[in-house]
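Using the working numbering, read the sequence shown as starting at 5 and increasing by one per residue. C-beta: ideal position from N, C-alpha, C; glycine also.
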Amino acid sequence: MTQQTAPPGGQQQGATAPFTAPDKIFGYRDPAAELQAEKIFLAVPDPKLARQHLQVLTAAPHVAGSPEDRRTAEYVLQQYLAAGLDASIQPYKVWMALPLDIRVDVVAPPGVVMHGPSPERVSDDLFQKDPRILPAFNEYSPSGDVTADVVYANYGRAEDFKKLKEMGVDVRGKIVIIRYGEVFRGVKVLLASQYGAAAVILYSDPWDDGYYRGDKYPKGPWRPDTGVQRGSVQYLFRYPGDPTTPDIASVPDLPESKRISPEQATDLPKIPVTPLSYADATPIMENLGGPESPRAWQGALPFTYHVGPGPVKVHLALKQNYRFTTIWDVIGMVRGSQLPNEWVVAGNHRDAWVYGAVDPSSGTAAQLEAVHGIGELLKKGWRPRRTMVFASWDAEEEGLIGSTEFAEQHAKDLSRAVAYFNMDVAVSGPDFGASAVPSLKQYLRDVAKSVPSPKGGSVYDQWKTTAGEHEKDGKSQKETLMTPSPSRPAAAGSADVPVGDLGGGSDYTPFLQHLGVPSADIGSKGPYGVYHSAFDNFSWFIKFADPTFVYEQQMARIYGLEAMRMASTDVLPLNYEDYGEEIGEYVKTAEQRAKTTFGEQAPSFADAMKAAERLQKAGADLVKLQGKSIGDPGAMNLVLRNAERALLIDGLPDRPWFKHAIYAPGEHTGYAAVVIPGVNEAIESNNLALTRQQLQLLTGALNRAAGALEMAR
Ligand SMILES: [Zn+2]
């Protein structure tokens with residue numbers, strides 16, 4: 005092992021633990037040139053420049069399709085070009101809405117007054133009064149005008165609506181008020197409409213997101229009284245992207261005849277829905293009568309929660325301006341010297357609900373510093389063996405639109421892609437976390453071992469420490485309520501630092517779950533109470549997320565290294581032994597659930613289990629070859645690339661856009677991953693015939709993947 009000091013620019017504040025970069029790289033037969041290139045790369049990302057990028061990107065609210073969003077696209081384009089990337093702006097024409105007029109008024113009982121949504125205001129914030137800030141709204145809510153009694157439905161999960169029914173509380177024709185958290189907001193709206201609600205109000209309860217968690221902004225990082233969580237209520241668990249073009253790309257000249265009408269789109273909610281702050285929600289919640297809510301439904305507002313209906317009555321009037329809007333992805337390529345048709349894609353979205361300092365500009369700033377590092381290498385004559393594609397996605401917030409349209413447009417090119425690396429909420433604090441397909445989990449740990457942490461040691465060392473702490477106090481799970489993305493605990497137990505499973509909250513979805521490209525997502529987390537509000541701005545960021553931008557630097561290094569190491573590797577470092585092992589765990593868990601649900605009639609899981617074991621065995625045999633300098637890497641890489649694609653099936657029941665047999669966003673969880681979704685959701689819906697059919701499809705996919713790997717022998 006050669007001792008390597010931290011690259012220059014790594015401001016190690018109070019760091020004591022030494023950092024030693026590993027001198028071997030799995031998949032590289034002779035790592036000398038790569039280690040040299042990585043050393044040059046790691047020295048480039050600069051906290052001062054990351055700060056500058058963030059300041060420019062967050063200067064104005066820049067919702068997708070706005071002139072300010074266009075300006076951020078041009079800024080990113082400039083940076084890509086300056087680094088020597090072959091870069092351009094790719095427009096798409098997509099169906100979206102912006103709010104024209106949003107009103108929520110309490111109309112009964114007499115004497116209770118609330119005219120919302122109130123503007124987001126705190127005692128001291130430089131950015132809150134910009135006239136370009138849109139009223140808080142939920143994207144893809146229809147326009148509507150409803151006056152009705154209110155019912156409280158807790159988190160709006162399936163079990164919450166069931167409980168209301170048991171209590172004899174009918175939500176038909178009512179306005180249902182639901183707190184954010186636990187499941188994706190689109191799931192809450194779908195369930196409310198299935199139970200016959202007339203409209204939905206979503207609000208942030210201080211129990212989950214506000215003063216109950218800690219000091220609120222500007223004193224602390226937590227959500228202030230008037231802070232509102234905006235967000236899309238698209239049913240992106242059916243399909244994401246432009247609602248009028250499932251499966252095809254919304255290129256600007258797409259003939260009208262190729263689009264479906266918005267009325268035909270199955271991913272759009274049919275009842276109006278709008279978000280409120282807890283300041284505006286208080287008079288509604290406080291004036292609910294009816295039975296006392298179950299104790300677990302009690303939030304942190306200072307009175308006893310009741311479920312209604314009434315006597316509080318609300319008038320909700322939403323005018324949304326639906327139209328086709330142009331959005332702009334920015335794509336920058338570095339052509340591979342030896343395998344130009346094999347892409348390594350590294351994406352991050354650029355659009356924000358308001359300023360989006362954390363979500364997503366912390367990711368864009370880090371990406372730009374990673375691109376800066378690649379640019380310095382290019383100047384020295386370095387070239388990756390495979391093609392690197394950097395992407396700045398637009399309209400992620402509305403429904404992963406920029407990434408989905410790009411993936412649909414380039415499905416053929418992407419059938420040869422080796423990996424997709426995502427970054428969304430890159431920095432909200434100091435704790436590193438990641439999610440990935442199992443074949444990439446060890447790769448991510450290895451990358452984290454090669455990057456110094458601002459806290460001393462490597463990012464991997466710190467990751468291990470904080471992951472342990474979070475497991476103890478159960479914090480990480482709570483934290484992810486507000487921030488869909490990494491650091492979700494892995495389903496399968498692992499002795500090493502846990503890497504989470506990919507659900508459906510960000511731009512990896514079309515790559516992994518539609519096209520079968522191995523994917524990963526990374527982020528550095530901390531208390532983040534301004535998600536999707538006007539207070540997610542530069543002031544909040546420099547106070548609470550990363551005052552010295554050393555975590556921005558860290559994320560630029562990790563992200564760039566992820567992409568460049570994968571681009572030049574001899575043998576792809578995909579570990580199918582880990583993949584097979586995790587799937588085996590999923591199958592065992594599902595088998596138990598099936599026994600509980602179907603009893604004696606439960607189908608046999610033996611064939612699926614055998615197929616998972618076959619995949620694990622084939623993966624284990626191959627891992628031994630991958631790590632040795634024998635055999636033809638080209639042939640080995642082909643089978644490794646084919647294995648993930650072999651896990652694709654024709655589509656999940658009722659949602660054919662989702663083709664991955666192992667991972668999908670849950671129909672009842674939305675963001676959180678459902679593993680082996682076909683089987684698990686068939687069990688959940690108590691459908692024995694469907695369970696049998698999905699088990700067969702799963703077994704077929706696992707045997708195909710194992711068969712693909714066995715070709716390498
Ligand atoms: Zn985001």
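A distance criterion of 7 Å places the beta-carbon of residue 540 beyond contact range of ligand 1, judged by its closest non-hydrogen atom. When the beta-carbon positions are compared, residue 651 and residue 520 come within less than 8 Å of each other. With a contact defined as Cβ atoms closer than 8 Å, residue 331 and residue 68 qualify at about 5 Å.
Per the DSSP secondary-structure output, residue 659 pairs in a beta bridge with 656. Going by C-alpha positions, residue 44 is about 41 Å away from residue 137. Judged by DSSP secondary structure, residue 378 falls within the alpha helix (DSSP H) whose first and last residues are 366-383.
In this structure, residue 57 has its beta carbon at no less than 7 Å from each heavy atom of ligand 1. Per DSSP, the unbroken beta strand (DSSP E) holding residue 183 starts and ends at 179-183.
About 14 Å separates the beta carbon of residue 510 from that of residue 441, a gap too long to meet the 8 Å contact definition. Your pair residue 534 and residue 227 checks out as a contact, with CB atoms roughly 6 Å apart and the cut at 8 Å. In its chain, beyond the 5 residues on either side, 340, 342, 343, 344, 346, 347, 348, 422, 570, 571, 572 have a beta carbon closer than 8 Å to the beta carbon of residue 390.
Between residue 238 and the set 257, 550, 582, 270, the nearest pair of CA atoms involves 270. For residue 589, the shortest C-beta to heavy atom distance toward ligand 1 is 7 Å or greater. Between residue 276 and residue 150, the C-beta spacing is below 8 Å. The beta carbons of residue 583 and residue 626 sit no closer together than 8 Å. Unbroken beta strand (DSSP E) runs of no fewer than 3 residues, entirely contained in the stretch 169-237, are found at 179-183, 203-207, following chain order.
Note on residue 264: under 16 other CB atoms within 10 angstroms of its CB, so exposed under the neighbour-count rule. Residue state for residue 614 is assigned as helix, using DSSP reduced to three classes. Not one heavy atom of ligand 1 lies closer than 7 Å to the C-beta of residue 358. Proximity annotation: ligand 1 has residues 363, 364, 428 in chain order, each selected because its CB is closer than 5 Å to a heavy atom of the ligand. Taking the Cβ atoms as the reference, residue 243 lies roughly 28 Å from residue 212, outside the contact range of under 8 Å. The beta carbon of residue 381 lies closer than 7 Å to those of 41, 44, 45 in the same chain, with the five residues before and after it left out.
Cβ contact annotation for residue 545 (same chain, cutoff 6 Å, sequence separation greater than five): 361, in chain order. In this structure, DSSP gives residue 350 an extended state, which the three-state scheme calls strand. Residue pairing from DSSP places residue 97 in a beta bridge opposite 330. Segment contact: the stretch 318-326 against the stretch 354-369, fewer than three CB-CB distances shorter than 8 Å; contact not assigned.
For residue 639 and residue 649, the gap between their C-alpha atoms comes out near 16 Å. Counted as a single uninterrupted DSSP element, the alpha helix (DSSP H) harbouring residue 416 occupies residues 415-418.
Per the C-alpha coordinates, the member of 397, 392, 515, 386 positioned closest to residue 418 is 515. Annotation: the continuous alpha helix (DSSP H) that includes residue 647 extends over 637-650. Within the stretch 67-150, the beta strand (DSSP E) runs of at least 3 residues that lie entirely inside it are, in chain order, 90-112. Comparing alpha-carbon positions, the option among 281, 221, 241, 175 lying closest to residue 118 turns out to be 281.
Going by DSSP, residue 667 is part of the beta strand (DSSP E) stretching over 667-669.
Taking 8 Å as the cut-off, the beta carbon of residue 193 is found no closer than this to the beta carbon of residue 313. Between residue 686 and residue 700, the CB-CB gap reaches or exceeds 8 Å.
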